[in-house]
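Trainee: Chains as they are written, first to last, in the numbering used here: chain A, 1 to 456; chain B, 457 to 912. We put the beta carbon where it would ideally sit given N, CA and C, even for glycine. Here it is, the structure in full.
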């Protein structure tokens with residue numbers, strides 16, 4: 001098993017070449033013009049998995065973008081690990097803020113810069129390469145199945161529908177996922193909580209067409225002004241969310257939980273400096289880590305109305321739009337929350353406008369126990385590579401499908417992520433440290449060994 | 457003079473051909489890609505004015521888009537009319553809402569559909585054709601000068617700087633403008649008041665880059681949420697503007713003024729029906745016409761932030777922007793108001809964000825007296841063509857340069873407009889009734905006759 005370091009060292013250029021080939025296909029799942037790119041990307045992964053040692057790998061159609069399924073069955077009597085990942089990526093705009101083209105990976109300062117570098121193509125590839133090593137050195141002690149989807153960044157709508165019919169195919173003892181972050185490059189952590197998500201789009205419509213703001217301004221309600229007012233009223237002066245019933249299912253943190261969280265390394269001055277902000281804005285009564293890890297939020301992800309070009313245009317816009325998402329914490333149900341949002345948003349609309357609310361994807365929050373064989377094995381693996389025990393953390397992000405797995409397949413997941421919060425996932429200049437990439441491959445390899453020791 | 461009807465009837469196809477040629481050049485002044493189109497348009501007008509009887513016509517450079525100057529001096533001892541108009545047009549987006557391409561004029565239901573059809577190419581062309589008739593039939597009794605600018609829709613920044621140096625060239629006794637509206641197709645009116653304008657652009661900046669809304673949401677202030685809150689706080693619950701000092705220079709209407717305004721034909725049910733709105737939103741204590749004609753306003757003309765494409769993206773945007781304009785009424789100074797806005801907007805910004813406010817163009821409000829020779833002549837001209845006396849009205853719109861003329865040249869203007877509020881100026885499907893176009897040519901012709909009777 002110690003030969004993994006040598007294996008990485010010997011093959012690292014090939015690993016990067018293969019990963020870069022994957023990154024170069026612009027698989028933006030939410031933009032319909034990339035439909036063909038999704039299939040190309042899926043095919044690329046099929047080829048990679050077959051080359052890495054899978055017995056079979058294939059593209060399976062869904063109602064949306066296809067799923068890649070692959071497997072290597074060494075012995076039906078042995079336990080099975082199901083590796084989950086996603087080959088789709090986030091949109092890239094605003095394009096002008098990228099220092100290099102998002103789909104032309106470039107290495108600078110020891111990091112791979114590209115859309116998908118860390119989320120999730122790079123992390124998925126760590127899994128593929130650890131698997132390749134284990135197969136090629138005859139050390140694989142589990143059956144391994146792969147389910148790589150193409151709609152994670154959209155909330156996995158097709159996968160959620162596809163899963164229930166594939167229970168036999170996907171039968172496994174554990175789901176292994178690399179799609180999360182560590183605390184710092186030298187402080188490993190294992191994500192044991194994920195926030196859920198409810199994502200809404202709202203339209204506020206006033207007059208039937210754009211109007212001249214001189215002729216009508218002052219008498220006709222301006223949808224952009226009204227939308228601003230409506231959004232403003234979704235938080236109170238303590239930064240609590242005002243939607244009635246929103247917090248009903250949220251459990252208060254225990255004193256012990258708060259004390260544990262306060263122990264995680266965190267420096268507010270550095271945090272603010274890194275983001276170039278003068279002050280944070282938390283819900284009153286909670287710390288930064290409590291707010292991002294354990295409290296629900298409501299953020300405008302996009303807003304648009306009227307004239308947004310160069311110069312000026314004196315228009316009273318007919319419509320105003322916003323994308324508004326809420327991160328959810330354990331026990332909040334995304335569909336219930338979407339319903340509460342819709343009801344409240346409609347209720348605060350003045351009679352001068354018409355309001356339309358639609359629901360994009362949602363996902364349930366997730367919390368994992370730390371007293372399992374998988375957690376213990378992962379913990380030992382990180383310790384072996386990083387020299388210190390990983391910290392269990394709750395991430396503010398969401399991987400909605402993780403809860404769905406538990407519900408649909410009855411299987412627990414272990415989240416072994418190697419990203420960093422500074423990787424700019426979802427932002428311009430997304431990047432992934434080469435050090436994290438190689439450490440990831442090594443740690444995952446050790447995980448297979450320790451997990452076998454726990455189980456076999 | 458009665459032969460004007462016959463002249464129009466005989467030449468109407470040619471008039472429309474010539475106008476359509478003018479409309480086809482996409483002279484959007486605020487978009488730099490149309491810089492060459494501006495010069496082409498100016499040249500087109502030079503050619504038209506020379507063909508119509510001007511002694512000379514030329515393109516004069518300014519610091520921005522050029523001005524067309526032309527003249528016909530019949531006798532230096534006689535009074536001079538300076539015709540003002542503009543050859544630039546508003547942007548055309550959203551393009552998908554146009555039923556026909558904005559720069560390919562099309563006649564449907566007795567209306568010309570195109571950007572610039574009424575604002576102001578069509579109306580400017582009425583002036584050219586009335587002039588052509590008077591020259592060709594030897595009935596011109598005034599010297600006529602022309603000043604046609606290319607930056608009206610941007611607030612005439614270059615013209616305001618250019619004017620003071622051209623006092624001799626532009627020496628005139630009256631400025632004649634066709635760039636306003638009538639009450640209805642068969643209810644003529646003369647605009648005696650225009651609102652002023654202060655146009656601001658604001659930027660609210662949070663973190664130094666777009667962030668993952670899961671990882672940072674709840675702890676980092678979201679500029680889009682903050683901007684919404686700041687915009688919301690610019691109006692109070694009575695729809696008064698909250699900027700301190702904003703109303704300081706606004707005079708209350710007298711009881712007589714309110715009574716006169718209440719006499720203008722207005723049907724609230726029709727007004728709402730035409731715009732497809734359930735309710736109007738006026739400043740508390742004022743009627744619709746009072747609000748649009750005599751009260752200052754504050755409207756968001758554009759707002760944008762974050763992800764505005766298809767589907768969803770869980771981004772916490774780095775910045776949020778808005779274009780916000782205020783229509784001003786007599787005695788409000790646009791620069792003072794811009795200063796008050798900036799000061800207030802900066803003062804309400806929380807420490808979690810950085811705010812930048814920039815000023816686009818502004819303009820002073822304008823009020824004209826009705827006891828002048830020009831007003832009486834215009835009134836008789838409308839009555840001759842429409843069969844009823846025109847109503848003096850105050851428009852909610854702004855033609856900032858009108859006040860500048862008065863200050864720079866010491867000359868009064870007469871606003872003889874033939875548009876309708878339903879023409880969708882500044883909106884998709886801008887149009888101009890052919891009936892208004894031909895009536896306009898006829899009325900302007902009569903104006904020259906009656907104005908000569910008043911003066912000579």
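1) Using the beta-carbon of each residue, which ones in chain A are nearer than 7 Å to residue 896 of chain B?
2) Once the 5 residues before and after residue 223 of chain A are set aside, which same chain residues still bring their CB inside 8 Å of it?
3) Three-state secondary structure (DSSP) at residue 536 of chain B?
4) Look up residue 729 of chain B in the DSSP assignment and give the residues it is bridged to.
5) Return the first residue and the last residue of the alpha helix (DSSP H) that residue 582 of chain B is part of.
6) Which bits of chain B does residue 76 of chain A rub up against, with CB to CB less than 7 Å?
7) According to DSSP, is residue 484 of chain B helix, strand or coil?
8) Any beta carbon from chain B within less than 7 Å of residue 413 of chain A's own beta carbon?
9) Please identify, using Cβ separations under 7 Å, the residues of the region 304-318 of chain A that lie next to chain B, in order along the chain.
10) Are residue 677 of chain B and residue 281 of chain A close, meaning C-beta to C-beta below 7 Å?
11) So that I know if they touch, is there some Cβ in chain A lying closer than 7 Å to that of residue 734 of chain B?
12) Taking buried to mean at least 16 other C-beta atoms within 10 Å of its own C-beta, is residue 477 of chain B buried or exposed?
13) Between the region 686-703 of chain B and the region 716-726 of chain B, do three or more beta carbon pairs fall short of 8 Å?
14) For the region 341-362 of chain A, which residues have a beta carbon sitting closer than 7 Å to at least one beta carbon of chain B?
15) If you drop the 5 nearest sequence neighbours on each side, which residues of the same chain put their C-beta closer than 6 Å to that of residue 665 of chain B?
16) For residue 892 of chain B, which residues from the same chain have a beta carbon less than 6 Å from its beta carbon, with the 5 sequence-adjacent residues on both sides left out?
17) Just to confirm, are residue 217 of chain A and residue 486 of chain B a CB contact at a threshold of 7 Å?
18) Please name the residues in the region 874-901 of chain B whose beta-carbon is closer than 8 Å to at least one beta-carbon of chain A, in chain order.
19) DSSP three-state call for residue 327 of chain A: helix, strand or coil?
20) What's the gap between the Cα of residue 587 of chain B and the Cα of residue 492 of chain B?
21) Using 8 Å as the Cβ pair cut-off and three pairs as the minimum, do the region 163-182 of chain A and the region 76-93 of chain A touch?
22) In chain order, what residues of the same chain lie with their CB nearer than 7 Å to the CB of residue 742 of chain B, ignoring the 5 residues before and after it?
23) Please tell me whether residue 600 of chain B and residue 534 of chain B are closer than 7 Å, where the distance is taken between their beta carbons.
24) Helix or strand or just coil, what does DSSP make of residue 554 of chain B?
25) Measuring alpha carbon to alpha carbon, tell me which of A/219, A/104 and A/34 ends up nearest residue 151 of chain A.
26) Is the Cβ of residue 591 of chain B closer than 7 Å to any Cβ of chain A?
27) Give me the chain A residues within the contact set of residue 663 of chain B, using Cβ-Cβ distance strictly less than 7 Å, ordered along the chain.
28) Checking contacts by CB at 7 Å: is residue 377 of chain A closer than that to chain B?
29) Hey, does residue 231 of chain A have any beta-carbon neighbour from chain B nearer than 7 Å?
30) Rounding to the nearest angstrom, what Cα-Cα distance links residue 626 of chain B and residue 865 of chain B in this structure?
31) Please report the residue range of the alpha helix (DSSP H) in which residue 17 of chain A lies.
32) Kindly indicate which residue of B/912, B/897, B/544 and B/885 has the alpha-carbon position closest to the one of residue 558 of chain B.
33) In its own chain, which residues sit with a C-beta less than 6 Å from the C-beta of residue 450 of chain A, not counting the 5 before and 5 after it?
34) For residue 745 of chain B, report the span of its alpha helix (DSSP H) as first-last.
35) Going residue by residue through the region 650-699 of chain B, where are the continuous beta strand (DSSP E) segments of at least 3 residues, counting only ones entirely within it?
36) Beta strand (DSSP E) containing residue 513 of chain B: first to last residue?
Mentor: If we stick to the structure as given:
1) The count along the second chain starts at 1 and reaches residue 896 of chain B at position 440. In chain order: nothing, as chain A lies at least about 18 Å away.
2) On the first chain, residue 223 of chain A is found 223 positions in, with the first residue counted as 1. 204, 205, 206, 305, 317, 318, 319, 320 and 353, listed in sequence order.
3) Along the second chain, read from residue 1 onward, the residue named residue 536 of chain B stands at position 80. Residue state, collapsed to three classes: strand.
4) Looking up residue 729 of chain B in the second chain gives position 273. Answer by DSSP bridge pairing: none, since residue 729 of chain B is not bridged.
5) Walking along the second chain from the start, residue 582 of chain B turns up at place 126. Its alpha helix (DSSP H) spans residues 577-592.
6) One-based indexing of the first chain puts residue 76 of chain A at position 76. Result: empty, since nearest Cβ-Cβ is about 38 Å, beyond 7 Å.
7) What you label residue 484 of chain B is simply residue 28 of the second chain in a count that begins at 1. It is a strand residue.
8) Walking along the first chain from the start, residue 413 of chain A turns up at place 413. No, because no Cβ of chain B sits closer than 7 Å to the Cβ of residue 413 of chain A.
9) 304, 305, 306, 307, 308, 309, 310, 311, 312, 313, 314, 315 and 316
10) Counting from one through the second chain, the residue named residue 677 of chain B turns up at place 221. Counting from one through the first chain, the residue named residue 281 of chain A turns up at place 281. Yes.
11) Residue 734 of chain B sits at position 278 when you count from the first residue of the second chain. It does; some Cβ of chain A falls within 7 Å.
12) As a first step, residue 477 of chain B is located in the second chain; it is residue number 21 there, counting from the start. Answer is exposed; the Cβ neighbour count stays below 16.
13) no
14) 351, 352, 360 and 361
15) Here the question's residue 665 of chain B lines up with position 209 in the second chain. The residues are 774.
16) As a position in the second chain, residue 892 of chain B is number 436, starting the count at 1. Within the same chain, residue 892 of chain B has close Cβ partners 874.
17) Reading the first chain from its first residue, position 217 is the one you call residue 217 of chain A. Reading the second chain from its first residue, position 30 is the one you call residue 486 of chain B. Cβ distance not < 7 Å, so residue 217 of chain A and residue 486 of chain B don't count as in contact.
18) 877, 880, 881, 882, 883, 884 and 885
19) On the first chain, residue 327 of chain A is found 327 positions in, with the first residue counted as 1. DSSP places residue 327 of chain A in strand when its eight states are reduced to three.
20) Walking along the second chain from the start, residue 587 of chain B turns up at place 131. Walking along the second chain from the start, residue 492 of chain B turns up at place 36. Whole-angstrom Cα-Cα distance: 28 Å.
21) yes
22) As a working note, residue 742 of chain B is residue 286 in the second chain. Only 751 meet the Cβ criterion.
23) What you label residue 600 of chain B is simply residue 144 of the second chain in a count that begins at 1. What you label residue 534 of chain B is simply residue 78 of the second chain in a count that begins at 1. Going by C-beta atoms, residue 600 of chain B is not nearer than 7 Å to residue 534 of chain B.
24) In the second chain, the residue the question calls residue 554 of chain B occupies position 98. Residue state, collapsed to three classes: coil.
25) The residue you call residue 151 of chain A lines up with position 151 of the first chain. Comparing Cα-Cα distances from residue 151 of chain A to each of A/219, A/104 and A/34, the minimum goes to A/34.
26) Within the second chain, numbered from 1, the residue matching residue 591 of chain B stands at position 135. So no, residue 591 of chain B is outside the interface.
27) Taking the second chain and counting its residues from 1, one reaches residue 663 of chain B at position 207. Residues of chain A passing the Cβ test: 275, 276 and 277.
28) Numbered from 1 along the first chain, position 377 holds the residue referred to as residue 377 of chain A. So, not an interface residue.
29) Along the first chain, read from residue 1 onward, the residue named residue 231 of chain A stands at position 231. It does; some Cβ of chain B falls within 7 Å.
30) To locate residue 626 of chain B, count along the second chain from 1; it is residue 170. To locate residue 865 of chain B, count along the second chain from 1; it is residue 409. If I take the Cα positions, the gap works out to 8 Å.
31) The count along the first chain starts at 1 and reaches residue 17 of chain A at position 17. That run of the alpha helix (DSSP H) goes 3-23.
32) Counting from one through the second chain, the residue named residue 558 of chain B turns up at place 102. Minimum Cα distance to residue 558 of chain B is reached at B/885.
33) Taking the first residue of the first chain as 1, we reach residue 450 of chain A at position 450. Counting only Cβ-Cβ distances below 6 Å, and skipping sequence neighbours, we find 377, 380 and 381.
34) Taking the first residue of the second chain as 1, we reach residue 745 of chain B at position 289. First-last of the alpha helix (DSSP H) with residue 745 of chain B: 744-750.
35) 652-661
36) As a position in the second chain, residue 513 of chain B is number 57, starting the count at 1. Here the beta strand (DSSP E) through residue 513 of chain B covers 512-516.
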